[in-house]
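For reference, the structure discussed in these notes is given below.
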Amino acid sequence: MFTTVAITVVIAISIVGVLRADKAKEKAPELIAKATASAAFVFLGILRWSAGDVVGTWILGGLILCALGDLLLIGKRTFDAGLIAFLLGHVLYICSFRAALPMGDWSTLVLVPLGILCLAIGWWLWPHLGKRRPSVSAYIIVITVMVWGACSTTLASVLPWTAAAGALLFYLSDLGVARKRFVNDDPRNRYFSLPLYYAGQILLALTIGS
């Protein structure tokens, strides 16, 4: 418990550092602060992981890929590589939820509203995406499937509430990222998206070994 709290505090301080560096347009401090926060949730996952834990192994892999994506998204030239890293991270999260509960048993009651939300987000972003329409559309679909799996495993009592809550917070945080990147480059987007993102990753890390 103490370790989780300590890691959460480190992440919270790092988020403040990221926001300050972003406001000052200082890339090096932003990179350091973001790397610290991302390394912290990966470290939490490692602490909770044990050999033979298939679900935990997939989640840990997803955490690592997302941490890589965090750093790649900072640069404009590496944005697409960051998007791929996150997409693959979500694929690993999907594999973890599929390992916990076969996809055929995932909840259709969850899929319907998520499918509608997926289409609505795609419609909202489509005019702003340009050449990134295929890649962003694929990302939206994959993260929606990830949330579907997380919520289904929680509803089936196969995984704890942290799986669904972490996935949903991740989803909401990405709406802020998408708005900043493609719709309105308002710095205040990060005050919304960053805390949700890191809270989501902490909760997904806490799913390991639960």
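Numbered according to numbering that gives the first Met the number 0, the sequence shown spans residues 0 to 209.
By construction, the Cβ of each residue, glycine as well, lies at the ideal position given by its N, Cα and C atoms.
The structure displayed is predicted, hence computed values, not measured ones.
{"Asked": "Spatially closest choice to G88 from T2, L67, K33 and R131, by CA coordinates", "Found": "L67"}
{"Asked": "Beta-carbon proximity check, E29 vs A20, cutoff 8 Å", "Found": "yes"}
{"Asked": "Presumed contact (8 Å Cβ cut-off) between I45 and L59, rounded CB distance", "Found": "7 Å"}
{"Asked": "CA-to-CA distance, G16 to A164, given in whole angstroms", "Found": "25 Å"}
{"Asked": "Complete runs of the alpha helix (DSSP H) confined to the stretch 123-200 [at least 4 residues]", "Found": "132-154 and 160-177"}
{"Asked": "The alpha helix (DSSP H) enclosing K26, as first and last residue numbers", "Found": "K26 to R47"}
{"Asked": "Buried versus exposed, by CB contacts within 10 Å (16 or more), F85", "Found": "buried"}
{"Asked": "Inter-residue CB distance, V135 and L124 (contact presumed, cutoff 8 Å)", "Found": "6 Å"}
{"Asked": "Cα-Cα separation, Y138 to G121", "Found": "10 Å"}
{"Asked": "Beta carbon of W48 nearer than 8 Å to that of C94", "Found": "no"}
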